[in-house]
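Engineer:
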Amino acid sequence: MNLFEYQARGLLGRYGLPIPPGDVATRPEEARQIAEGLSKGPFVVKAQILAGGRGKGHFRSGFAGGVHLCSYPAEVEEVARAMLGGVLVTAQTGPEGRPVNKVLVAEAPQISRELYLAILIDRGRRRSVVVGSAQGGVDIEEVARESPGEIHRIWVDPQVGFWPYQARTLAACMGLCGSLLPQTADLIVRLYRFFCECDASLAEINPLAVIENEKIAVIDAKIGLDENALFRHPEVATYRNEVVEDGREAEALKAGLNYVGLSGEIGCMVNGAGLAMATMDILHRYGGEPANFLDVGGGADQNQVTKAFGILMADPKVRAIFVHIFGGIMRCDVIARGIVEAVTHTKPKVPIVVRLQGTNFEEGKAILHQSGLPIRTADDLADAAQKAVAAAAETR
Amino acid sequence: MNLFEYQARGLLGRYGLPIPPGDVATRPEEARQIAEGLSKGPFVVKAQILAGGRGKGHFRSGFAGGVHLCSYPAEVEEVARAMLGGVLVTAQTGPEGRPVNKVLVAEAPQISRELYLAILIDRGRRRSVVVGSAQGGVDIEEVARESPGEIHRIWVDPQVGFWPYQARTLAACMGLCGSLLPQTADLIVRLYRFFCECDASLAEINPLAVIENEKIAVIDAKIGLDENALFRHPEVATYRNEVVEDGREAEALKAGLNYVGLSGEIGCMVNGAGLAMATMDILHRYGGEPANFLDVGGGADQNQVTKAFGILMADPKVRAIFVHIFGGIMRCDVIARGIVEAVTHTKPKVPIVVRLQGTNFEEGKAILHQSGLPIRTADDLADAAQKAVAAAAETR
Amino acid sequence: MSILVDDSTRVVVQGITGRAGSFHARACLDYGTRIVAGVTPGRGGQKLDERVPIFDSVAEAKQATGCNASLIFVPASGAADAILEAAASDIDLIVCITEGIPTLDMVRVRRCLEDKKTRLIGPNCPGVITPGQCKIGIMPGYIHQPGPVGIVSRSGTLTYEAVWQLSQRGIGQSSCVGIGGDPVHGLGLQEVVEMFDRDPATKAILVIGEIGGCEEQDAATFWKTSSRKPTAAFLAGATAPAGRRMGHAGAVITGAAGTVEAKIAAFDKVGISVILSPAEIGEAISKVMAAAVS
Amino acid sequence: MSILVDDSTRVVVQGITGRAGSFHARACLDYGTRIVAGVTPGRGGQKLDERVPIFDSVAEAKQATGCNASLIFVPASGAADAILEAAASDIDLIVCITEGIPTLDMVRVRRCLEDKKTRLIGPNCPGVITPGQCKIGIMPGYIHQPGPVGIVSRSGTLTYEAVWQLSQRGIGQSSCVGIGGDPVHGLGLQEVVEMFDRDPATKAILVIGEIGGCEEQDAATFWKTSSRKPTAAFLAGATAPAGRRMGHAGAVITGAAGTVEAKIAAFDKVGISVILSPAEIGEAISKVMAAAVS
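Protein chains in written order, with the UniProt record's numbering: chain A, 1 to 396; chain B, 1 to 396; chain C, 1 to 294; chain D, 1 to 294.
Set out below in structure tokens:
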């Protein structure tokens, strides 16, 4: 679960990381008030979306940039007005962009140096790794490619923990000395404590900056939390409701389904993430484009199948529905009954292609055929995918 | 730092350990009100002192027992009145007893089984150890001596931590099964978390009891906290002010001196704990009895020496003062000047014996002699101790 | 012959009284697996279906039944503890089905297992099966048949599809191992491939990978330096969108290794044929086996 | 000859810019100790008294100066970290003077050191001295003189008293080690006794113990099974009341093993003469040495 910048600031602030003062606004007047309450300008106004590249992005309205520097509170209000309610398109959002419902208003200190700091899980080494670089505020992937020596890593043995001396070593590698060295080491230790205590999957500070009077400060932070660990963090689990930008995803979340909206026209419903990806892959091979990724999981019941249908059909892009179930624990006859019920109730206007395989698949197919509903079935995967692509083409 | 039972209950309650409801009272009426607020009797009233053996103790007033079972709130008030303001003498308090300023009033559930549980540091193995026994509510040292097989221990590797399965293993060794097994394991896990997070040195629950409806509950708890770690626990550091029962110890604490009041007549002031103990030992050899243990530490200054003098002289038992300093970091001339100043200002009515040895001891002795004050000096330790014992005898 | 499990494997089911635990314990028993014990703390002394004795702990279960493998259905919040409990009793093989275990729990678990000989499969996996002998997991047993192909997979239902395609063509499996989809898990692709390589009953290997991580590349490194059996691979997620990842930190550690393209390139380098359509898995295995024979 | 330190020992002082750190670094330098570096994070590049270079980390200090011992004056809240920093740089000997380190910090530190060859003395100790060669600690150097007696002690000023009594009688010391009074610390009585036993320059051993713990008993166990040098022991706290904390956290009586009586009994069993008065330490050592010669 990725957090908005303003949420990340709130969490890191609790751990005592130095962050320029500011707050989040949902109305332009509020943005101005926040700026008026800050001790000094200039101010920065940042559109709150869950995607990077905001600075170089543009709004559908034509307004350029999701990050603006302002000298006066009145200017803050003006910029906030241009952003709020708009849709921001960046290199990472895709052409559909993301709606901007909140802006962050904060003090914009004078920056003399930009650094990079992150903590994440290294899957290969099976432990967390603290990453630092003197090259911050830029595309860190490029730094990693072009000058790998500029990226410094400390892997943390979970049994030993991360000690301040390691933080000082990293800070020194990041080119810090004098009073900035212990300051930054303290910041890294706090970030690591946050990472562990909150079960983060990613904590990235870019840039980490040296500002006026040789102080270190968090200028932008990207935080991902481990969804599997939310059960032990009720205080951050509430962020969940705020971070879902896509309405369909919110619906799916409520139904306990794993859904990611995409831009194609074939609505997919599959059990298992690997099979769901393979299904998308094969649709592609035959010239189709999935409208979504939807994994109903290994133990989905009739009720979830019905809800999944509802979500697929509510998507105006969808021109055909492809149900692909390999029955293991999940019996195909149960799935077939769920499909029949869902189709009977919701009377979809697009063709439906179903492939059932595995446990009780014969019985499942029989139920579909006996229902008399306009459901197309297929036995093998290639056949099913071709039928789904053809069905979507029909209704175009 | 040992905590009162009511403080221990408060801390353990924060960690979710099951504790019969109750509260602490400083007035008899308050005790009654607490009992009235509890859902059911019988009630237990327990004198709050920092020593064991309360049940079998007696008050100076003649009232017997520091722990009483009561059936009605009125009885609770009566018992609390007999205890509050009294002095409770138990096998562990010494004949002088301890003042009772607070009583705990709590529900007294029906107990069907008494168990023992503790966590402490095993110095020899250099790790914490979780100890459990089916034999609770009794002198656990006796159990350890008589039937060592009844004491079960799990040493915790600090790098691996303490896991619930280990708690279940211990609970099973304590003879628990059925729903009591996971309940008790959960309690042990919480106690361990408390132990680590609060830097405890001892967490002892005796008895841990099986009460009505097969529930597990903490009936009495003794908690010691690591004084060295209080700096990182500001919330419990405030308990410190409440736990000092002895006025002289409170004074010493304020002055940053390590003081323990004893019952003899020779006031001692020594630098270093080992030397202080050796000084007490040698006084004993020559028939003297120390009035206290007072370690002024390795880096005490003139000011602390003056304060230490003040504390020694405020003790009416003291019939002679013995200053014993081995100058290492601490220079004997500085100490001598501190002594001269203190004696000049406070004009003690008891003889003073001083042994200075180590750094600048010649100069220190010269300062004492030149002061013209009635200070007796000695060169070697035996001579000094004999002089101190003799001095105390003079004034008897 | 097979890897990891066979008809002598004696299994304890941790969390046997839960809904999933009892359901799958019965399914494994029906398949012929020797489920010799169950564990649910506080339920010691009871029995499942009057045939499988239940204990309060793995230690007691092992002492009483000599179990040497564990199948875990304990809920996510207690699963790491359950794994360590089994490891503390020196159970040889732990198969953890539980999904949703926090990643940092698994980081600690893996670190603890470094000092042990216990092998872990999963979590969040379908388990392991040696057709006709022993099924420790949640896969539908009937789609499998004994034979020469060793399957190792990061996926669940996609593996069933692959097994189905093989069995339809009359190609049986030596063992099938679903290693699980979580970022930090037990046995890796490479380790299972090495086991198949050493197993005389395995004549060909099918690898089912997916986007993310770099286990496929690790396996490729192994092939580079060792003689090997006929192998085919399918990699899911070629068309998955690059994800909603926000930071760049992941790429700093693994670079582009997580993409299907990078994985295909690594396999190409060592001459492993990558199957392009998930519908052609059975056919591809037939081909590599036929090529090896000729 | 000596144990632990000699005139080739190269010392870095961690926390050299603090009040105690700079004071004692100078005192050690004056004694002749080779203080080759200091460490204070953020003060790298400066010098102490224009002679001792200061670094940001132990790693840098070691690389630049080849230091092989560390003397720590870092405040209690950061002392565990300082010890681990020195250990991570594979410093051979760490002497930690800091008092007031939380016990659970030391539990973690000792666990980490198990995997290392680094030796720790302290914390909350006076340090170690080899008279005439090297002083790494806060003891007054001038009271010592080179000679045949190895001293190991759990106490501070009481050790100075013992040294004083020896030097007054013209009996010098091979090395003196104050192991510190905290419940969990580095080298134990027994380990230092073993070192003295192996050191050819040490002809007799003086042990200064106190109430609490069971290190004296451990040392007694060693003597039981090994040949040994003339040894005398003094044990402080015979008259300390039970169960009251007497300053050293280690001096809490934790059971029968902690009492002076129990320790005396253990020493008696292996024939070690226990000195009954702290005024007779010098005399007692003279006697055991004379007895050994005759």
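In this text, a Cβ means the ideal position worked out from N, Cα and C, and glycines have one as well.
Just so we're clear, the structure is a prediction, and the values are computed from it rather than from any experiment.
Can you look up residue 399/B in the DSSP assignment and give me helix, strand or coil?
Structural biologist: The question about residue 399/B has no answer here: the residues shown for chain B are numbered 1 through 396.
Engineer: Are the CB atoms of leucine 120/C and isoleucine 151/C nearer to each other than 9 Å?
Structural biologist: no
Engineer: Out of Thr26/A, Ala255/A, Glu36/A, Asp383/A, point me to the one whose CA is closest to glutamine 48/A's CA.
Structural biologist: When Thr26/A, Ala255/A, Glu36/A, Asp383/A are compared, the shortest CA-CA separation from glutamine 48/A is found for Thr26/A.
Engineer: Within 10 angstroms of the Cβ of threonine 238/B, are there 16 or more other Cβ atoms? Answer buried if so, exposed if not.
Structural biologist: exposed
Engineer: In terms of alpha-carbon separation, which member of Gln159/B, Gly161/B, Pro109/B, Ile188/B lies closest to cysteine 173/B?
Structural biologist: Ile188/B
Engineer: What residues in its chain sit with their C-beta under 8 Å from that of alanine 82/A, if we drop five residues either side in the sequence?
Structural biologist: Phe59, Ser61, Phe63
Engineer: Just checking: is the beta-carbon of valine 160/B within a distance shorter than 9 Å of some beta-carbon in chain A?
Structural biologist: Valine 160/B belongs to the set of residues whose beta carbon lies under 9 Å from a beta carbon in chain A.
Engineer: Using only CA atoms, which one of Gly272/B, Ile311/B, Ser263/B lies nearest to glutamate 289/B?
Structural biologist: Ser263/B
Engineer: Would you call asparagine 68/C buried or exposed, if buried means 16 or more other Cβ atoms sit within 10 Å of its Cβ?
Structural biologist: With 16 or more other CB atoms across the displayed protein chains lying within 10 angstroms of its CB, asparagine 68/C is buried.
Engineer: List, in order along the chain, the chain B residues whose C-beta lies closer than 9 Å to that of tyrosine 160/D?
Structural biologist: Gly272, Leu275, Phe326, Gly327, Gly328, Gln357, Gly358
Engineer: Would you say arginine 110/C reaches chain B, if we count a Cβ-Cβ gap shorter than 9 Å as a contact?
Structural biologist: no
Engineer: Which residues does DSSP pair with glutamine 173/D in a beta bridge?
Structural biologist: Val149/D
Engineer: In chain B, which residues lie less than 9 Å from valine 193/D when you measure between Cβ atoms?
Structural biologist: Correct list: empty, because the minimum Cβ distance to chain B is about 16 Å.
Engineer: Could you tell me whether the Cβ of glutamate 280/D comes closer than 9 Å to any Cβ of chain B?
Structural biologist: yes
Engineer: Please work out which residues of its chain come closer than 7 Å, Cβ to Cβ, to arginine 113/A, disregarding the five sequence neighbours upstream and downstream, and give them in chain order.
Structural biologist: Counting only Cβ-Cβ distances below 7 Å, and skipping sequence neighbours, we find Ala209, Val210.
Engineer: Taking 9 Å as the CB-CB cut-off, is cysteine 177/B touching chain C?
Structural biologist: Taking a beta-carbon distance threshold of 9 Å, cysteine 177/B counts as an interface residue toward chain C.
Engineer: Give me the chain D residues within the contact set of methionine 174/B, using Cβ-Cβ distance strictly less than 9 Å, ordered along the chain.
Structural biologist: Scanning chain D for C-beta atoms nearer than 9 Å to the C-beta of methionine 174/B yields nothing, as the closest lies near 21 Å away.
Engineer: Counting contacts by CB-CB distance shorter than 9 Å, is alanine 76/C in contact with chain B?
Structural biologist: With 9 Å as the cut-off, alanine 76/C does not count as an interface residue toward chain B.
Engineer: Return the CA-CA distance between leucine 225/B and alanine 273/B, expressed in angstroms with no decimal places.
Structural biologist: 20 Å
Engineer: Find the nearest neighbour of alanine 385/B within the set Arg98/B, Pro73/B, Ala252/B, Arg285/B, judged by alpha-carbon distance.
Structural biologist: Of the listed residues, the one whose Cα sits closest to alanine 385/B is Arg285/B.
Engineer: Is aspartate 30/C helix, strand or coil by DSSP?
Structural biologist: helix
Engineer: Helix, strand or coil: how does DSSP classify histidine 68/B here?
Structural biologist: Note: histidine 68/B maps to strand in three-state DSSP.
Engineer: Distance check for alanine 342/A and serine 371/A, CA to CA, integer angstroms please.
Structural biologist: 12 Å
Engineer: For chain C, is any of its Cβ atoms less than 9 Å away from the one on aspartate 383/B?
Structural biologist: Against chain C, the CB of aspartate 383/B has no partner CB under 9 Å away; the residue lies outside that interface.
Engineer: Can you tell me which of the three DSSP states valine 5/D falls into?
Structural biologist: coil
Engineer: Tell me whether serine 179/B sits in a helix, a strand or coil according to DSSP, three-state version.
Structural biologist: Looking at serine 179/B - three-state DSSP - the assignment turns out to be coil, as it is neither helix nor strand.
Engineer: Report yes or no: do three or more beta-carbon pairs, one from the stretch 20 to 36 of chain A and one from the stretch 84 to 104 of chain A, lie closer than 8 Å?
Structural biologist: yes
Engineer: Starting from the beta carbon of histidine 284/A, find every residue of chain C whose beta carbon is closer than 7 Å, and list them in chain order.
Structural biologist: Thr239
Engineer: Taking only beta-carbon atoms, is proline 165/B less than 9 Å away from chain C?
Structural biologist: A small correction: the amino acid at residue 165/B is tyrosine; proline does not occupy that position in the sequence shown. Yes, because at least one Cβ of chain C sits closer than 9 Å to the Cβ of tyrosine 165/B.
Engineer: Can you confirm whether methionine 269/B, when its beta carbon is compared against all beta carbons of chain D, has any partner nearer than 9 Å?
Structural biologist: no
Engineer: Residues in its own chain within less than 8 Å of histidine 369/A by CB, not counting five upstream and five downstream?
Structural biologist: Cβ within range, chain order: Thr377.
Engineer: For arginine 198/D, which of helix, strand or coil comes out of DSSP?
Structural biologist: helix
Engineer: Curious, which full-length alpha helix (DSSP H) runs of at least 4 residues does the stretch 244 to 328 of chain B contain?
Structural biologist: 247 to 255, 273 to 285, 302 to 313
Engineer: Could you tell me the alpha carbon to alpha carbon distance between glycine 247/D and leucine 257/B, rounded to whole angstroms?
Structural biologist: Because the pLDDT of glycine 247/D is 43, which lies under 50, any placement of that residue in the model is unreliable, and the number read from its coordinates should be weighed accordingly. The alpha-carbon separation between glycine 247/D and leucine 257/B amounts to approximately 10 Å.
Engineer: Sort out for me which residues DSSP pairs histidine 152/A with in a bridge.
Structural biologist: Paired residues: Gly132/A.
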